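Position one of the sequence shown corresponds to residue 63 (the working numbering), numbered consecutively onward.
All residues carry an ideal CB built from backbone N, CA and C; glycine is no exception.
Quick caveat: nothing in here was measured; it's all calculated off a predicted structure.
Read through the structure below, which is laid out as structure tokens, and then see the notes.
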Amino acid sequence: MTTKTKQLTLFVTFHIKPTHIEAWKEAHRPVWDLCAQEPECLFFDVFEDGSRPGRFRLVEVWSKDREWFESVQLKKAYYDDLWKRSQPTWEKEMEIEFWERLGEGCSFKEGYLKGGILAE
Numbered sequence: 063m064t065t066k067t068k069q070l071t072l073f074v075t076f077h078i079k080p081t082h083i084e085a086w087k088e089a090h091r092p093v094w095d096l097c098a099q100e101p102e103c104l105f106f107d108v109f110e111d112g113s114r115p116g117r118f119r120l121v122e123v124w125s126k127d128r129e130w131f132e133s134v135q136l137k138k139a140y141y142d143d144l145w146k147r148s149q150p151t152w153e154k155e156m157e158i159e160f161w162e163r164l165g166e167g168c169s170f171k172e173g174y175l176k177g178g179i180l181a182e
């Protein structure tokens with residue numbers, strides 16, 4: 063069954079200089095929290111590629127469309143400081159992929175979200 067309302071899913075990939083991983087995380091942690099608190103943010107998680115040090119992927123699910131994300135969400139003030147602090151840690155430009163969630167085939171077990179925070 064597909065979702066009745068469209069949900070925008072972002073896959074954001076960062077390639078970080080191995081010696082700058084902690085600085086990258088320090089720059090991003092406050093923004094991860096702020097994004098997760100946005101009413102339109104339905105899901106936010108951070109993944110690390112265990113076989114490629116410095117490669118991280120953010121997975122974000124938003125209740126709005128790409129146009130809204132680019133014209134409203136990305137214009138939030140907290141991104142300005144983030145990019146100034148984050149960009150010097152990059153090996154190459156970040157990659158953003160925009161996908162629409164079908165909802166078909168979605169399943170998870172209770173343990174998947176263990177360690178996460180249920181946002182209100």
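With respect to the C-alpha of T81, the residue from K146, P115, W124 and M156 having the closest C-alpha is P115. Cα atoms of F109 and H77: separation of roughly 12 angstroms, rounded to the nearest angstrom. For E100, there is no enclosing alpha helix (DSSP H), as DSSP marks it with neither H nor E.
Beta-carbon to beta-carbon, R147 and A98 are separated by about 19 angstroms, too far to satisfy the 8 angstroms threshold. Taking every protein chain shown into account, the CB of E166 has fewer than 16 other CB atoms within 10 angstroms, so this residue is exposed. For K154, same chain residues with a beta-carbon under 6 angstroms away, outside a window of 5 residues either side, are H77 in chain order. If you look at K154, you'll find it in the beta strand (DSSP E) that goes W152 to E162. If you compare the alpha carbons of T67, W94, W145 and S113 with that of D107, the shortest gap goes to W94.
DSSP assignment within the region 115-151 yields the following whole alpha helix (DSSP H) runs of 4 residues or more, N-terminal first: 128-133 and 140-148. C168 has its alpha-carbon roughly 13 angstroms from the corresponding atom of T71. Rounded to the nearest angstrom, the gap between the Cα atoms of K126 and E157 is 20 angstroms. Close CB contacts of R117 within its chain, under the 6 angstroms cut and outside five residues either way in sequence, are with H77 and D111 (chain order).
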